[in-house]
Amino acid sequence: MARVRPHSLRVPASGVAAVPANGADRRRIAVGLMGGSFNPAHEGHRHVAELAFRRLGLDEVWWLVSPQNPLKPAAGMAAFEDRLESARRAARHPRIRARDIEARLGTRFTADTLVALRRRCPTMRFVWIMGADNLAGFHRWDRWSLIFHACAVAVFDRPSYSLGALASRAAHRFARFRVPSRASRTLARRRPPAWVFLHTRRHPASATRIREAARNGS
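With our numbering, letter number 125 in the sequence shown gets 164, and the count goes up by one each step, no holes.
Here's what the structure looks like:
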């Protein structure tokens, strides 16, 4: 039987302000977390956020702009302030918030960020949102198992990654906690570990292509 119960979390009201150190905001809402370099942010990021609103029944989606992704080289990475600004511009949605939380908290790894958010946001229900490509290599993330225990996880399919993602160490480790896609709107209310794999149509936008176009002056 599925374990459906609100779990602990909480957040700031709007904009890119930091999470209150003393947890003053006690809204009981469901928040999707999309971490990434956003180098730069683009329509594809917003497409995933909008899908998350529909498929997961979220109240807000936060884009956590990483000061430096530990799994990505610093070469070719725009300045943090520029990437944060690109996320603000790309959001264009009243419930999508570009946030500098990791820079303010001084966290480098997702596991540390989630632990800090749970302490400061005890009444919010968080869902970690990522693509199938990330699930395929999730075992390389620092304390990846802790992430599944810290909050619910929603994985959005990406072409050519489905088989690798569903055959990954993380998918096997947490197989019995997988939620049917038809029940995806209950995910935020479930006690972790709980995760869902969602088949969706991918948006063609790509940060790599955008950077290449900028270098070529097109």
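Virtual Cβ for every residue (Gly too), placed ideally from N, Cα, C.
Every value quoted in this text rests on a predicted model; they were computed, and no experiment measured them.
Please list the terminal residues of the continuous alpha helix (DSSP H) segment that includes Ala-209. Here residue 209 is taken as the residue at index 170 of the sequence shown, counted from 1. Ala-209 -> alpha helix (DSSP H) spans 208 to 212.
**Request:** Give the secondary structure of Gly-176 by DSSP, where H, G and I count as helix, E and B as strand, and everything else as coil.
**Result:** Looking up residue 176 in the sequence shown gives position 137. If DSSP states are grouped into helix, strand and coil, Gly-176 belongs with coil.
### In DSSP terms, what Arg-164 is bridged to
Here residue 164 is taken as the residue at index 125 of the sequence shown, counted from 1. Listed as beta-bridge partners of Arg-164 by DSSP are Ala-69.
- Task: Return the Cβ separation of Phe-192 and Leu-97 in integer angstroms, given the expectation that the two are a contact with Cβ distance under 8 Å.
- Result: One-based indexing of the sequence shown puts residue 192 at position 153. One-based indexing of the sequence shown puts residue 97 at position 58. Per the sequence shown, residue 192 should be read as Val rather than Phe. That belief does not hold up - the Cβ atoms of Val-192 and Leu-97 are roughly 13 Å apart, past 8 Å.
**Request:** Alpha carbon to alpha carbon, how far is Pro-79 from Arg-122? Give it in angstroms, no decimals.
**Result:** Within the sequence shown, numbered from 1, the residue matching residue 122 stands at position 83. Within the sequence shown, numbered from 1, the residue matching residue 79 stands at position 40. Rounded to whole angstroms, Arg-122 to Pro-79 spans 6 Å at the Cα level.
Exercise for the section: Please look up how many angstroms separate the CB atoms of Arg-157 and Ala-189, rounded, as I've assumed it's under 8 Å. Expected result: Along the sequence shown, one-based indexing puts residue 157 at 118. Along the sequence shown, one-based indexing puts residue 189 at 150. At roughly 6 Å, the Cβ-Cβ gap stays under 8 Å, so Arg-157 and Ala-189 are in contact.
Opposite Glu-99 in the DSSP bridges: which residues?
The sequence position of residue 99 within the sequence shown is 60, counting from 1. According to DSSP, Glu-99 bridges with Val-70.
Below 8 Å CB to CB, which residues in the same chain sit around Ala-150 once its five sequence neighbours on both sides are set aside?
Locating residue 150 in the sequence shown gives position 111, where the first residue counts as 1. Correct list, in chain order: Trp-180, Asp-181, Arg-182, Trp-183, Leu-185, Ile-186 and Ala-189.
Whole-angstrom distance between His-132 and Arg-212, CA atom to CA atom: Residue numbering aside, residue 212 sits at position 173 when the sequence shown is read from its first letter. Residue numbering aside, residue 132 sits at position 93 when the sequence shown is read from its first letter. The C-alpha of His-132 is placed about 36 Å away from the C-alpha of Arg-212.
* Determine the contact status of Pro-109 and Arg-147, defining contact as a CB-CB distance below 7 Å. => For the purposes of this step, residue 109 is taken as residue 70 along the sequence shown, with counting starting at 1. For the purposes of this step, residue 147 is taken as residue 108 along the sequence shown, with counting starting at 1. Yes, they are a contact pair.
6 Å CB neighbourhood of Phe-236 in its chain, flanking five on each side removed: Position 197 of the sequence shown, counted from the start, is the residue given in the question as residue 236. So the list reads Val-194, once near-sequence residues are dropped.
Practice task
Verify whether the separation of the beta carbon atoms of Arg-127 and Ala-137 is less than 7 Å.
Solution key: The sequence position of residue 127 within the sequence shown is 88, counting from 1. The sequence position of residue 137 within the sequence shown is 98, counting from 1. The Cβ-Cβ distance between Arg-127 and Ala-137 falls below 7 Å.
Subject >> DSSP beta-bridge partners of Phe-236 >> reply: Locating residue 236 in the sequence shown gives position 197, counting from the first residue. Val-194, per the DSSP bridge assignment.
Assuming the contact rule is C-beta atoms closer than 8 Å, Arg-66 and Thr-162 should be a hit. Round their C-beta distance to whole Å, please. As a first step, residue 66 is located in the sequence shown; it is residue number 27 there, counting from the start. As a first step, residue 162 is located in the sequence shown; it is residue number 123 there, counting from the start. At roughly 7 Å, the Cβ-Cβ gap stays under 8 Å, so Arg-66 and Thr-162 are in contact.
Practice item. Rounded to whole angstroms, what's the CA-CA distance from Leu-202 to Ala-114? Just pull it up for me. Key: Taking the sequence shown and counting its residues from 1, one reaches residue 202 at position 163. Taking the sequence shown and counting its residues from 1, one reaches residue 114 at position 75. Roughly 30 Å between the two C-alpha positions.
Ala-130 versus His-86, Asp-139, Gly-176 and Pro-232, residue with shortest Cα-Cα distance: The sequence position of residue 130 within the sequence shown is 91, counting from 1. Ranking the options by Cα distance to Ala-130, first place goes to His-86.
- Residue range of the unbroken beta strand (DSSP E) whose run includes Ala-137: In the sequence shown, residue 137 corresponds to position 98, counting from 1. Segment 135 to 138, the beta strand (DSSP E) holding Ala-137.
How would you write the range of the alpha helix (DSSP H) that Thr-149 sits in, first residue to last?
Here residue 149 refers to the residue found at position 110 when the sequence shown is read from its first residue. Here the alpha helix (DSSP H) through Thr-149 covers 149 to 159.
Note the first and the last residue of the continuous alpha helix (DSSP H) segment covering Arg-229.
-> Position 190 of the sequence shown, counted from the first residue, corresponds to residue 229. Premise fails: Arg-229 is in no alpha helix (DSSP H) and is neither H nor E.
Can you check which of these residues, His-238, Thr-225, Phe-119 and Leu-72, is closest to Arg-134 by C-alpha distance? Locating residue 134 in the sequence shown gives position 95, where the first residue counts as 1. Of the candidates His-238, Thr-225, Phe-119 and Leu-72, the one whose C-alpha sits nearest the C-alpha of Arg-134 is Leu-72.
task: For Gly-170, verify whether its CB is less than 6 Å away from any heavy atom of the ligand MG.
output: As presented, the structure is devoid of all ligands, the ligand MG included, so that no description of it is given.
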